[in-house]
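Single-structure report; data block below.
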Amino acid sequence: MMFKRDLIKLASFLSCKTAFVVFSLPLLVLFFIRNINSFGDLKKIGGLNKMPLNVIAFIMWLLLLPGTWWYYGHKAGRGDYPWFADSIGIPIMQNTAAIIITFLLLLIILPLLTRQYRSASSVFIRAKLYNAGAMLTEVFYGLFLTISVLALYDCIVNGDHISIIVIMYFIYLFLALRAGRFTYMDNVSH
Numbered sequence: 025m026m027f028k029r030d031l032i033k034l035a036s037f038l039s040c041k042t043a044f045v046v047f048s049l050p051l052l053v054l055f056f057i058r059n060i061n062s063f064g065d066l067k068k069i070g071g072l073n074k075m076p077l078n079v080i081a082f083i084m085w086l087l088l089l090p091g092t093w094w095y096y097g098h099k100a101g102r103g104d105y106p107w108f109a110d111s112i113g114i115p116i117m118q119n120t121a122a123i124i125i126t127f128l129l130l131l132i133i134l135p136l137l138t139r140q141y142r143s144a145s146s147v148f149i150r151a152k153l154y155n156a157g158a159m160l161t162e163v164f165y166g167l168f169l170t171i172s173v174l175a176l177y178d179c180i181v182n183g184d185h186i187s188i189i190v191i192m193y194f195i196y197l198f199l200a201l202r203a204g205r206f207t208y209m210d211n212v213s214h
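Residue numbering for the sequence shown follows my numbering, beginning at 25 and increasing consecutively.
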């Protein structure tokens with residue numbers, strides 16, 4: 025039988041405090057490796073080539089499968105669900121099915137998005153000329169970046185640790201795809 029102090033200890037593990045650590049650690053490692061000391065130094069972050077960009081995205085997305093089981097297992101262990109209900113299986117199976125279906129979509133969509141992609145020197149570049157194509161690119165990737173940032177906030181608040189890392193990579197992915205599209209458009213127009 026678990027005591028109250030054991031439940032409090034379990035509940036504090038999946039909280040905002042540990043989620044902020046999971047959020048901050050990859051950023052600190054990136055800042056240390058790239059020698060980033062100011063916001064201006066963020067311009068040093070460049071885009072990857074097509075193959076590593078796609079492969080890492082696929083691997084990161086598949087990390088959501090064990091992450092879902094781990095997250096809901098800990099939520100059940102800390103008492104978020106009533107002991108008499110079979111409620112943990114439903115969200116696990118729903119999320120697992122959604123992850124697999126979206127992975128299959130990702131296998132189709134991501135290679136299409138990287139067809140017109142050139143590795144950019146910085147993921148924070150702007151288009152040289154804002155025509156209709158550049159505006160659509162901004163709106164398209166801006167929408168996905170907004171959704172990703174909101175999902176990241178939700179994962180931090182709920183303590184979904186593995187999803188935090190995956191979403192952080194997908195924010196980088198959308199920034200890299202946006203910058204790579206602009207680089208491709210600039211090279212084609214000249």
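Positions of the beta carbon are idealized from the N, C-alpha and C atoms, including for glycine.
Pick from the options that is closest to residue i, judged by C-alpha positions
{"i": "residue 126", "options": "84, 45, 147, 105", "result": "84"}
{"i": "residue 172", "options": "160, 199, 154", "result": "199"}
{"i": "residue 72", "options": "156, 144, 159", "result": "144"}
{"i": "residue 150", "options": "202, 133, 118, 124", "result": "202"}
{"i": "residue 50", "options": "188, 197, 211", "result": "188"}
{"i": "residue 191", "options": "92, 175, 206, 93", "result": "175"}
Same chain, Cβ closer than 7 Å to residue i, neighbours up to 5 away in sequence not counted
{"i": "residue 208", "result": "140, 141, 142"}
{"i": "residue 204", "result": "71, 141, 142, 143, 144"}
Residue j beta carbon less than 8 Å from that of residue i
{"i": "residue 8", "j": "residue 148", "result": "Residue 8 is absent from the model: the chain starts at 25 and stops at 214."}
{"i": "residue 78", "j": "residue 135", "result": "yes"}
{"i": "residue 186", "j": "residue 87", "result": "yes"}
{"i": "residue 123", "j": "residue 89", "result": "yes"}
{"i": "residue 206", "j": "residue 158", "result": "yes"}
As assigned by DSSP and simplified to three states, the class of residue i
{"i": "residue 184", "result": "coil"}
{"i": "residue 100", "result": "helix"}
{"i": "residue 189", "result": "helix"}
{"i": "residue 194", "result": "helix"}
{"i": "residue 61", "result": "coil"}
Cβ neighbours of residue i in the same chain (closer than 8 Å, five flanking residues each side left out)
{"i": "residue 131", "result": "82"}
{"i": "residue 91", "result": "184, 185, 186, 187, 190"}
Beta-carbon proximity list for residue i, same chain, < 6 Å, skipping 5 on both sides
{"i": "residue 194", "result": "172"}
Checklist entry - Quick check: the region 91 to 98 against the region 112 to 120, are there 3 or more CB pairs under 8 Å? => result Contact holds: three or more Cβ-Cβ distances are below 8 Å.
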